[in-house]
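Undergrad: Before we start, here is the structure in question, set down as C-alpha cells.
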Amino acid sequence: MHLIQRMLFRESELPPERRVTLSAERRQFLKRRWRGVADDGTEFGFDLEERLVDGGVIFQRDGKDYIVRQLPEVVYRIPFASAAQAALVAWKTGNLHLPAQILDDAILVLHDEAMAQLLERECWEFSKPEVIFTPMKAMAHS
Numbered sequence: 001m002h003l004i005q006r007m008l009f010r011e012s013e014l015p016p017e018r019r020v021t022l023s024a025e026r027r028q029f030l031k032r033r034w035r036g037v038a039d040d041g042t043e044f045g046f047d048l049e050e051r052l053v054d055g056g057v058i059f060q061r062d063g064k065d066y067i068v069r070q071l072p073e074v075v076y077r078i079p080f081a082s083a084a085q086a087a088l089v090a091w092k093t094g095n096l097h098l099p100a101q102i103l104d105d106a107i108l109v110l111h112d113e114a115m116a117q118l119l120e121r122e123c124w125e126f127s128k129p130e131v132i133f134t135p136m137k138a139m140a141h142s
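The numbering of the sequence shown is our numbering, which starts it at 1 and goes up by one.
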C-alpha cells in the first residue's frame with residue numbers, strides 16, 4: 001500500500017490512456033485519513049495535510065498518473081428567476097444547514113428529506129441531476 005500525504009498536481013497533463021483512476025465519494029474528500037483502491041488494484045492509504053480535489057494526481061509510477069475522481073451524486077438544483085428569488089431560496093436553504101453550491105443561475109443542495117419538504121412546501125421549480133457536487137466550505141458564526 002502506498003501512503004499519500006498530499007496531491008502531487010491539481011490535474012494530470014498525461015493523455016487519458018496513461019491515467020489510472022481511484023474513485024471516491026465526496027465525503028471521502030473531506031476526510032484526512034482513509035483508504036482506497038485504484039482501478040488497477042493498487043492500494044492507497046491517505047494521511048492528508050489538506051483536502052484532495054477532483055482530478056488531482058496522487059501518485060506516479062511506470063509513466064502513469066494515478067488520479068482521484070469524485071463520484072457524482074444526486075442533488076437538488078433550484079434555478080433562480082430573479083435576484084430576489086435567489087436571496088429567498090438561499091436564505092431558506094441556509095436555515096437547513098445543508099451543504100450547498102451556488103451557481104450563477106441556480107443553487108445545488110444536498111439530496112435530503114428536509115430539503116424535499118422545503119421544496120414541496122414552497123412549490124419551487126427543481127430538478128435532481130447527478131453531478132460532481134462541490135459545496136461551499138462551512139463558515140462559523142462570529
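Ideal placement from N, C-alpha and C gives every residue a C-beta, glycine not left out.
Determine the DSSP secondary structure at A100, reduced to helix, strand or coil.
TA: Reading the sequence shown from its first residue, position 100 is the one you call residue 100. DSSP places A100 in strand when its eight states are reduced to three.
Undergrad: For the alpha helix (DSSP H) that F29 lies in, which residues bound it at each end?
TA: Here the question's residue 29 lines up with position 29 in the sequence shown. That run of the alpha helix (DSSP H) goes R26 to L30.
Undergrad: What are the complete alpha helix (DSSP H) segments, minimum 4 residues, inside the stretch 37 to 112?
TA: DSSP runs (the alpha helix (DSSP H)) wholly in the stretch 37 to 112: 83 to 94.
Undergrad: Are there 16 or more other CB atoms within 10 angstroms of the CB of M136, so buried, or fewer, so exposed?
TA: Walking along the sequence shown from the start, residue 136 turns up at place 136. Exposed is the call here.
Undergrad: Out of V74, R61, V68 and E13, point me to the one whose CA is closest to K128's CA.
TA: Within the sequence shown, numbered from 1, the residue matching residue 128 stands at position 128. Nearest option by C-alpha distance: V74.
Undergrad: Taking DSSP as the reference, what is the three-state secondary structure of R18?
TA: Your numbering for residue 18 matches position 18 in the sequence shown. Three-state result, R18: helix.
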